[in-house]
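Undergrad: So the sequence shown is residues 1 to 418, counted in UniProt numbering. The beta-carbon is built from N, C-alpha and C at its ideal position, and this holds for glycine as well. Note that the structure is a prediction, hence the values are computed from the model and not measured. Here it is: the structure, laid out below.
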Amino acid sequence: MTDNPTPSPGPLRLYGPRFQQDPAALYATIRREHGPVAPVLLDGDLPAWFVSGYREIHQICDDSQLFARDTRRWNMWDRVPEDWPLLPYVAHNPSVMFTEGPEHRRRAGAIGDALSAVDQFELRAHCERVADQLIDVFAGTGEADLVAQYAMRMPLLMVAWMFGLPEHEIPALVRDIALSLDVGPDAIPAYGRVQEAMGRLVAEKHDAPGADLPSQLIQHEANLSDEEIVLDLLVVAAAAQQPTANWIGNTIRLMLTDERFAMTLAGGRGSVGQALNEVLWQDTPTQNFIGRFATRDTQLAGQRIRTGDMLVLGLAAANADPAVRPDFADQHTGNQAYMSFGHGEHGCPYPAPEVAQVIAKTTVEVLLDRLPDLELAVPAEELVWHPSVWMRGLERLPVAFTPTYVASQTGAGVPSAW
1 MTDNPTPSPG PLRLYGPRFQ QDPAALYATI RREHGPVAPV LLDGDLPAWF
51 VSGYREIHQI CDDSQLFARD TRRWNMWDRV PEDWPLLPYV AHNPSVMFTE
101 GPEHRRRAGA IGDALSAVDQ FELRAHCERV ADQLIDVFAG TGEADLVAQY
151 AMRMPLLMVA WMFGLPEHEI PALVRDIALS LDVGPDAIPA YGRVQEAMGR
201 LVAEKHDAPG ADLPSQLIQH EANLSDEEIV LDLLVVAAAA QQPTANWIGN
251 TIRLMLTDER FAMTLAGGRG SVGQALNEVL WQDTPTQNFI GRFATRDTQL
301 AGQRIRTGDM LVLGLAAANA DPAVRPDFAD QHTGNQAYMS FGHGEHGCPY
351 PAPEVAQVIA KTTVEVLLDR LPDLELAVPA EELVWHPSVW MRGLERLPVA
401 FTPTYVASQT GAGVPSAW
């Protein structure tokens, strides 16, 4: 009698409601059925590899010669329709996102140097002021949606400050960056408007330089062209907005729903750092990332990868890899080996993660200081996650609190269009 081998399961579709409802369970299923590197289908059933193993993602990010960043290497371009919803993630442009080798190091190095020039004490102080101003708008009402009215607004208001952006342009920029990060029909037109705004800003900084990121890039020894600066400012703005906003929102949610934080919620400061760190492990804002592209035929975790194949980096899945996942019940809260900011030369350039942490931590701390009896206005199970395979964030975070009188609820210093 001959045993019939069990056929390996076919590729999973990396889209649809299964990812919106319980992505962690689905990542565990993928790892159990396929191992750390799994065949998947993207929208339109285009094939790719989903990498859920921590060690394998580490290997990919360390070997930029074998697993390159330029999306033009993809071997499926002849099957991509013009209206493909993931086109904003893979359409090549000459920004730092898609450069490789020495050119990438030149561009990323300039961004890192410009961010290093940001005084983090000044950044925190400005963040405190803006957070107070946003809270002033709703503090007297006793209720708020902390996604729309707070978390989504803070990061780009900080980016606008670091960019030296004129105040009247901030609301439109925030709106268009949010649209450009979506997969809907408005994404590409919105990206064009953001690019035009950055072009005007760079032209203004040539004439009137200041202590801001565009001026730093203009003056940098890398001799960046205006086109390079515009495109790289777009990358910085996009990378700062949605991930940091979701980091803030997911942290507030954790602190309002997990009893481990309840006893310290009134004081807040003792546990905000712990909650921020835990969110990066458990509900990291950037769940999955496109990606890397094989420069030659190779093998990875027993799978045959062909030249030009796309590898989707499952950052959230890697964070949940049993081989590395910390046990938060045992207070392993200092472990920062998560993949949430990427890894290797294409990870977030230093000190971008530190800048994002200053913004997120200050934003949460000011909220808890101002509204110490903050609580969810709906049962926790009614909170709805944004329907995205790529980002992890709530659609709304309705809360209630004791109304607080403020001398002015106009949000002075916050653009009036908010």
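(1) Looking at the strands, I want to know which residues DSSP matches up with F50.
(2) According to DSSP, which residues form a beta bridge with R260?
(3) State yes or no: is the beta carbon of Q282 nearer than 9 Å to at least one beta carbon in chain B?
(4) State the CB to CB distance for the pair F341 and A68, rounded to an integer number of angstroms; the pair is presumed to be in contact (CB under 8 Å).
(5) So what does DSSP say about D63, is it helix, strand or coil?
(6) Since P398 is in the beta strand (DSSP E), which residue starts that stretch and which ends it?
(7) What's the call for H168, buried or exposed, on a 16-neighbour Cβ count within 10 Å?
(8) What does the Cβ neighbour count give for L14, buried or exposed, with the cut at 16 atoms within 10 Å?
(9) Tell me where the beta strand (DSSP E) around D145 begins and ends.
(10) For R13, which three-state DSSP category applies?
(11) Quick one: Cα of N75 to Cα of T307, how far?
(12) Bridge partners for F289 per DSSP, in chain order?
(13) Measuring alpha carbon to alpha carbon, tell me which of F50, R55, V96 ends up nearest D70.
(14) Pick out whichever of G112, M162, N93, A148 has its Cα sitting closest to the Cα of F121.
(15) Can you give the Cα-Cα distance for P17 and P387, rounded to whole angstroms?
(16) Hey, N250 and V230 are a contact pair by Cβ (cut 8 Å); roughly how many whole angstroms apart?
(17) I'd like to confirm the pairing. Which residues does DSSP put opposite W385 in its beta bridges?
(18) Going straight from the alpha carbon of P398 to that of R253, what length do you get?
(19) With the cut-off set at 9 Å, would you say G101 and P403 are in Cβ contact?
(20) Opposite I305 in the DSSP bridges: which residues?
(21) Terminal residues of the continuous alpha helix (DSSP H) containing V364?
(22) For the candidate residues A24, L41, P209, whose alpha-carbon lies nearest to that of L311?
(23) State the beta-bridge partners of L376 as determined by DSSP.
(24) Going by the beta-carbon positions, is the gap between P88 and S180 smaller than 9 Å?
(25) Is it buried or exposed for A211, if we count other Cβ within 10 angstroms and need 16 for buried?
(26) Taking the alpha-carbon positions, what's the G273 to A337 distance?
(27) Three-state secondary structure (DSSP) at A68?
(28) On the CB-based measure, 16 or more other CB atoms within 10 Å of its CB, does residue 443 come out buried or exposed?
(29) What does the alpha-carbon distance come out to for the pair E365 and I305?
(30) If we ignore side chains and look at the alpha-carbon of each, how far apart do G10 and A317 end up?
(31) Expressed to the nearest angstrom, what Euclidean distance is found between the alpha-carbon atoms of H58 and E204?
(32) Within 10 angstroms of its Cβ, does Q287 collect 16 or more other Cβ (buried), or is it exposed?
(33) Taking C-alpha atoms, which residue in N335, A240, P379 lies nearest to L156?
(34) My assumption, with CB atoms under 8 Å, is that L313 sits in contact with G291. Please give the rounded CB distance.
(35) What residues in its chain sit with their C-beta under 6 Å from that of C61, if we drop five residues either side in the sequence?
(36) Which stretch, first to last residue, makes up the alpha helix (DSSP H) that contains A108?
TA: The relevant details are as follows:
(1) In the DSSP output, where bridge partners are listed per residue, F50 has A38, V312.
(2) Per DSSP, none; premise fails for R260.
(3) Among the chains of the structure shown, chain B does not appear; only one protein chain is present.
(4) Rounded, the Cβ-Cβ distance is 20 Å, inconsistent with contact.
(5) coil
(6) 398-400
(7) Label assigned to H168: exposed.
(8) By the neighbour-count criterion, in which a residue is buried when 16 or more other Cβ atoms sit within 10 angstroms of its Cβ, L14 is buried.
(9) Run containing D145: 143-145, per the beta strand (DSSP E) assignment.
(10) strand
(11) Rounded to whole angstroms, N75 to T307 spans 7 Å at the Cα level.
(12) L313
(13) Among F50, R55, V96, the Cα nearest to that of D70 is on V96.
(14) Closest by alpha carbon: M162.
(15) 7 Å
(16) So it is not a contact: roughly 31 Å between Cβ atoms.
(17) Bridge partners of W385: L394.
(18) 10 Å
(19) no
(20) T298
(21) 352-370
(22) Each of A24, L41, P209 was checked against the Cα of L311, and the nearest Cα belongs to L41.
(23) V399
(24) yes
(25) exposed
(26) 15 Å
(27) Three-state result, A68: strand.
(28) This structure cannot speak to residue 443, because the chain is shown only from 1 to 418.
(29) 46 Å
(30) 19 Å
(31) Computed Cα separation, rounded: 41 Å.
(32) buried
(33) A240
(34) 6 Å
(35) Cβ within range, chain order: H343, G344.
(36) Run containing A108: 101-116, per the alpha helix (DSSP H) assignment.
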